[in-house]
Structures are given as structure tokens and as C-alpha cells.
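The structure is reproduced here in C-alpha cells:
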């Protein structure tokens, strides 16, 4: 059985790693479920580009989430969730940004 450290710093790093993974997976699944024509209509990269970026961020980011790939992947997921996703939702809702 592996020796799991339960000191606060290890638990914090574990929580951050799991949180980053969940964030990246959320962004990836959301990007897959959005219709492809909405991406260029919203003035964003194409759907295949975003799916590829987010898939690579999930795969490479798990090697070391505090490494360069992990940090860049988390930033890409955040950009998708705060910029691209709202633009796509606005197009699909047919409403303005405030409902």
C-alpha cells in the first residue's frame, strides 16, 4: 500500500490538482457539446481547434499540473469558460448577455 501523506500542503496540492482536472474536463465536455457553426459566428476559434486545445490540456496537464503544460492548460480552460462559452451560449439563447 502506498504511503499517502496527509499533511496540509499535500492535501492542498491534491485539491488543486483535482480542481484543475475538473475545470479542464468541464471545458472539454462543454466544447464538444456546442454546435460547430457557433464558434466562428461568435468570432472565436473553430470547434476542432478548441476541442484539440482542451483535450491536449487535459492529457498533458495531468503529467504535472504545476508544470508549464498544466498551467497553460488550466489557463486555456479558464479562457474557454469565461470568454468562449458565454459567447456561444448567447448565440444559442438568442438573448443578450443579461438574459
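Numbering (the numbering used here), first residue to last: 2 to 100.
We treat Cβ as the ideally placed atom computed from N, Cα and C, and that holds for glycine.
By the 10 Å Cβ neighbour count, where 16 or more other Cβ atoms means buried, how is residue i classified, buried or exposed?
i          : result
residue 28 : buried
residue 83 : exposed
residue 32 : buried
residue 58 : buried
residue 20 : exposed
residue 71 : buried
residue 24 : buried
residue 74 : buried
residue 78 : buried
residue 85 : buried
Is the distance from the Cβ of residue i to the Cβ of residue j below 8 Å?
i          : j          : result
residue 61 : residue 81 : no
residue 43 : residue 89 : yes
residue 63 : residue 22 : yes
residue 35 : residue 48 : yes
Does DSSP put residue i in a helix, a strand or coil?
i          : result
residue 91 : helix
residue 43 : coil
residue 31 : helix
residue 8  : coil
(request) Enumerate, from N- to C-terminal direction, the unbroken alpha helix (DSSP H) stretches of 4 or more residues contained entirely within the segment 33–80. (result) For the segment 33–80, whole alpha helix (DSSP H) runs of length 4 or above, ordered along the chain, are 39–42, 48–62 and 69–80.
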